[in-house]
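Q: One structure follows; several queries about it will come next.
Protein chains: 2
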Amino acid sequence: MANGNPGSGLQLRSLITSAGELEVSLAKVDIPDPAPDEVLVRVEASPINPSDLGLLLGAADLSTAKAADGPRLTAKVPQQFMRAMAGRLDQSMPVGNEGAGTVVAAGSDAAAQALLGKLVAGIGGAMYAQYRTLKAADVLPLPPGATAADGASCFVNPLTALGMVATMRAEGHKALVHTAAASNLGQMLQKICLKDGVPLVNIVRSPEQAKILTDIGATHVLDSTAPDFVARLTDALDETGATLGFDAIGGGKLAGQILGAMEAALNRKAGAYSRYGSATHKQVYIYGGLDTGPTELVRSFGMSWGLGGWLLTYFLMKIPPAEAQKLRQRVADELKTTFASHYTAEIGLAEALDPKVAAAYNRKTTGEKYLINPTKGLA
Amino acid sequence: MANGNPGSGLQLRSLITSAGELEVSLAKVDIPDPAPDEVLVRVEASPINPSDLGLLLGAADLSTAKAADGPRLTAKVPQQFMRAMAGRLDQSMPVGNEGAGTVVAAGSDAAAQALLGKLVAGIGGAMYAQYRTLKAADVLPLPPGATAADGASCFVNPLTALGMVATMRAEGHKALVHTAAASNLGQMLQKICLKDGVPLVNIVRSPEQAKILTDIGATHVLDSTAPDFVARLTDALDETGATLGFDAIGGGKLAGQILGAMEAALNRKAGAYSRYGSATHKQVYIYGGLDTGPTELVRSFGMSWGLGGWLLTYFLMKIPPAEAQKLRQRVADELKTTFASHYTAEIGLAEALDPKVAAAYNRKTTGEKYLINPTKGLA
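Protein sequences appear in the order of chains A and B. So in my numbering, the last one in the first sequence is 379, and the numbering has no gaps at all. So in my numbering, the last one in the second sequence is 1379, and the numbering has no gaps at all.
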C-alpha cells in the first residue's frame, strides 16, 4: 500500500493575542490518514495573495516586527485596529488559500486512488503547510507539463477574473472597468477579455503599470494620476458602453468617479432631461482593499446605481455547480497561457517568518508576487 | 355634452438659462379636448414634495431670489452647480409630480365618461397647473368623503413607503431601518409596519422628531445626534434583525454607519471567525438627498453588502402591473388612516413664485408641508 503519510508535519499559524500582539509561528501537527474520499497533498507551491495577508498579518504594524525563537515572528497590533480583530483573538489560525503539490496518500475510493502520485491544485485554507488533506472531488489535476508553481494560483486569481466576466453577463452589462488593473489578476482579466471579445477599461496608477497592460494587447488603459483622467475615463466608457466596474482599491474617490463617469457617458447619448439621471443601472463592486481608508462618493450619477462588496466565495456559492466546474476546467486548459502566474521570489515556510521577508511580501507592489514552497529550507 | 374644458389655463414653469439664472413663471397654455381614453382634471391640490423641489428650483441660491413682473421669480444658480444642470438648460419645464382634483371633461370611452364629475388623484408631472389631462386608466378615484387635499399625496409618499416594505420582502429581509424617519413618508412607513408586523428601526435627528414617531406607536426610535447612537443602533438591529435600510439623507457617514452596525449586530451571533465578515447580505438604499454632500463609507462591514439608489418610478416599472394596482388600491382604502397627509400651508400658483414663500417651502423642515391649490388666488 502506497502511503506517503509522514504522520506529522509543519503548519504555519497566525495568532493575535488579546494583549495586542501578532505571533506567526510553525506548529507541528498530526496528519491522520485520508478518509475514503480524501487525498493527502504534499504542498510544493502556495502563493501569497493580498487576500492571504489579511489573515496572516492581521492589522499588525510590521515596523514593530521582531524575530523570536521557534521560529516566530511577533509584531504589535495598534490599539485602534483591535476592535476589528475581535472575532479572531487568541485563536491560532492556519493560513494559505490555495496551492499545488503531489498526492502522496489517498483514501480507498477509486476517485481518490486515481490521483495518487499526481500533481494537483487545491483551495480551502491551511495551504501554508507541508501537507494538506483535501476532498478528492475538490482538487484540480494539473495538465501534463505543468509544475506545482504553474498550478499554485489556479483558483483565486483565475476564478476571480472569470467571475467578473460571468457577473457582467449575468447582470446584463456588455463591458467592464477594472482598477489596479496591472496586477496579476488584472493581466488575466485582460487576456480573458481579449479572447472573449469583451471591451475592458483598465485603470492604473503609473505609466509603468500602463505598459504592462498595453504589452499584452490592452486598448483602454488610463492612468488615474493624470490630470485629464476623468475626461479620458468618460470617453472610454462612452466608447465601450461599460456600466460595470470591479475595484480592488476600495478607499478614496475612485469608485465614485467611475460611477460619475459612467453617468456622464450615458448622458451624452440621453434624450429628454431627467432630474433622476440616466435610468441605466451603473454598478461598481469593491473586491479588494488596497486602500483601507473610507470610500467617498460624490453622488453625481442619478438614482440608478449600486456599489457593493464582491467575493469569489459568495459568487461560487451562487452559481450552479456545473458552471463552476466549467470555469475550473477553463483554468486547467489555459494554465500556461491566459492564467500563467509569475513569481518574483520563492520562499520556505521558515523564511515567511523573517521580519525582512515579511516586510517585502507585505508591500503588495505591482509585478511582485511571492510563492511559498514548504519543501524548501526544511531538513 | 358636459365639457368643462376652458380652452386654456395657467401652468407653472421652471427654466434655468445658460446664463445661470433660474426663472419660475406662470405660462398660459392651450388645453386640447381629451382623447377618447383621457380625462381633463381641474387640479385642486398638489403637494410640494422634496422630489419636486429639485426640478422646481434646481440648484438655485434662493438667498438671491427676486420677484419680477409676470409674475416671475428669479434667482442665481451658483457657477459650480451649472454642470449638473446641463441637461435642462434653456428648457421651460412644467413641475408637480402628483395631485388631485375634479374631472371636468372626459373622452368618449366609457371608462373616461364614468369619471366625469368625480374627484380623482393623478401622477405624472405638470400638476402645478390649473388643468391637467391624464389617461383615465391612470387616475385613482378617491373614496367617498375624501377631499382633494386628502388625495393630493396619494402616490409619491404612500407608494414609496409601500415600495420599501415590498422591496424588503422581495429581497429576503425581515425588518427595516429608515432615516429622516419623522417625515410624512416616515410616519406612513411606521403605520404600515405596525399594521403588517414588520419591525422598523427609525433614525431621527432630534427628540422632537422622536416624539412624532413614538406618539404613533414606534418602538425603535434612535437619535443620530446622541453620543451612544451607534451602540444603541447596533442593539436595535440585533433585536430586530434588520439588514435593509432606506436612507433619505444620502450625504455624510450615516449610510455607512448603518451598514457597520448591521455587521456588528450579525457578528454578535456569528460562529467561527471569517476575515470576510458576515456572509449575510446587508443593504442600504439611498432614496433622497437631504444632504447633497459626499457619502462617506468606513468599510467595516465585510464583503457582503450593497449601497445603491432607489427610485419609486424604477420600482414600479420592475413589479408586475397587478401588484402595482394592489398597492394603489391599498392607498385608496387607507387614505384617511395610514396614508393621511397633513399640510401646514395651502398656497396658490402665484404665491409659489413669491421669494418669501419659496424660501419657506424650500426649508424642508420636518412636520412642515406645503400644498398648492391652483384654484386659489386667481381671478
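Using N, Cα and C, we set each Cβ at its ideal position, and we do this for glycine too.
Are Glu-263 of chain A and Phe-301 of chain A close, meaning C-beta to C-beta below 7 Å?
A: yes
Q: Using a Cβ-Cβ distance cut-off of 7 Å, determine whether Met-1001 of chain B contacts chain A.
A: With a pLDDT of 41 at Met-1001 of chain B, under the threshold of 50, the predicted position of this residue should be treated as unreliable, though the coordinate-derived value follows. Chain A contact via Cβ: absent.
Q: Would you decide whether Lys-269 of chain A is buried or exposed? Buried here means 16 or more other CB atoms lie within 10 Å of its CB.
A: exposed
Q: Do Leu-159 of chain A and Leu-312 of chain A have their C-beta atoms closer together than 7 Å?
A: yes
Q: From Met-93 of chain A to Arg-132 of chain A, what does the alpha carbon distance come to, in whole angstroms?
A: One C-alpha to the other measures close to 14 Å.
Q: Taking all protein chains shown into account, do 16 or more other C-beta atoms lie within 10 angstroms of the C-beta of Pro-1006 of chain B, making it buried, or fewer, making it exposed?
A: exposed
Q: For the beta strand (DSSP E) containing Ile-1016 of chain B, list its first residue and its last residue.
A: 1008 to 1016
Q: Checking contacts by CB at 7 Å: is Leu-15 of chain A closer than that to chain B?
A: no
Q: Can we say the region 1360 to 1374 of chain B touches the region 1335 to 1347 of chain B, given the rule of at least three CB pairs closer than 8 Å?
A: Segments in contact, yes.
Q: Tell me the rounded alpha-carbon separation between Gln-283 of chain A and Thr-167 of chain A.
A: Computed Cα separation, rounded: 11 Å.
Q: Starting from the beta carbon of Ala-1084 of chain B, find every residue of chain A whose beta carbon is closer than 9 Å, and list them in chain order.
A: Ser-300
Q: Per DSSP, which one or two residues make a beta bridge with Trp-1305 of chain B?
A: B:Lys-1282
Q: Can you grab the Cα-Cα spacing for the pair Ala-1059 of chain B / Gly-1252 of chain B, in whole Å?
A: 19 Å
Q: List, from N- to C-terminal side, the alpha helix (DSSP H) runs of 4 residues or more that fit wholly inside the region 187 to 222 of chain A.
A: 207 to 215
Q: Does the beta carbon of Tyr-1273 of chain B come closer than 7 Å to any beta carbon on chain A?
A: yes
Q: How many Å lie between Val-198 of chain A and Gly-308 of chain A at the Cα?
A: Computed Cα separation, rounded: 22 Å.
Q: For the region 199 to 220 of chain A, which residues have a beta carbon sitting closer than 8 Å to at least one beta carbon of chain B?
A: Within the region 199 to 220 of chain A, no residue qualifies.
Q: Along chain B, in chain order, which residues have C-beta atoms closer than 8 Å to that of Gln-91 of chain A?
A: Tyr-1273
Q: Work out the CA separation of Gly-293 of chain A and Ala-379 of chain A for me, nearest whole Å.
A: Any reading at Ala-379 of chain A must be qualified, since the residue scores a pLDDT of 48, below 50, and its modelled position is unreliable; the value itself is stated next. Computed Cα separation, rounded: 43 Å.
Q: Verify the CB distance criterion: does Gly-1260 of chain B have a CB-CB separation below 7 Å to chain A?
A: No, Gly-1260 of chain B does not count as interfacial toward chain A.
Q: At the 7 Å Cβ level, is Arg-1088 of chain B part of the contact set with chain A, yes or no?
A: yes
Q: If we count the other Cβ atoms within 10 Å of its Cβ and call it buried at 16 or more, is Gln-130 of chain A buried or exposed?
A: buried
Q: So that I know if they touch, is there some Cβ in chain A lying closer than 7 Å to that of Tyr-1370 of chain B?
A: no
Q: Give the DSSP-derived three-state secondary structure of Glu-368 of chain A in the structure shown.
A: Reduced to three states, the DSSP call for Glu-368 of chain A is coil.
Q: Beta-carbon within less than 8 Å of Asn-1184 of chain B's beta-carbon, same chain only, minus the 5 sequence neighbours each way: which residues are those?
A: Ser-1153, Asn-1157, Ser-1341, His-1342 and Lys-1369
Q: Using a beta-carbon distance cut-off of less than 9 Å, what residues from the region 297 to 322 of chain A approach chain B?
A: Leu-297, Val-298, Arg-299, Ser-300, Phe-301, Gly-302, Met-303, Ser-304, Trp-305, Gly-306, Leu-307, Gly-308, Gly-309, Trp-310, Leu-311, Thr-313, Tyr-314 and Met-317
Q: Have a look at A:Ala-181, A:Asn-3, A:Gly-4 and A:Gly-70 and flag the residue whose alpha-carbon is nearest the alpha-carbon of Leu-12 of chain A.
A: A:Gly-70
Q: Reducing DSSP to helix, strand and coil, say where Leu-311 of chain A ends up.
A: coil
Q: Let's test the definition: count the other Cβ atoms within 10 Å of the Cβ of Gln-1080 of chain B and tell me whether it reaches 16, buried, or not, exposed.
A: An exposed status is given to Gln-1080 of chain B, since fewer than 16 other beta-carbon atoms sit within 10 Å of its beta-carbon.
Q: Quick check on Leu-1115 of chain B - is its C-beta less than 7 Å from some C-beta in chain A?
A: no
Q: Please find out if some non-hydrogen atom of the ligand SAM comes closer than 6 Å to the beta-carbon of Leu-1026 of chain B.
A: Inclusion of the ligand SAM in the displayed structure is not the case, the ligand content being empty and no account of it being possible.
Q: To the nearest angstrom, how far is the alpha carbon of Ala-322 of chain A from that of Thr-179 of chain A?
A: 30 Å
Q: Taking 7 Å as the threshold (beta carbon to beta carbon), is Tyr-1343 of chain B in contact with chain A?
A: no
Q: Return helix, strand or coil for Ala-1181 of chain B, following the three-state DSSP convention.
A: coil
Q: At a CB-CB cut-off below 8 Å, which residues of chain A make contact with Pro-1294 of chain B?
A: Gly-256, Glu-296, Leu-297, Val-298 and Arg-299
Q: Do you know how far the Cα of Val-331 of chain A is from the Cα of Ala-45 of chain A?
A: Whole-angstrom Cα-Cα distance: 17 Å.
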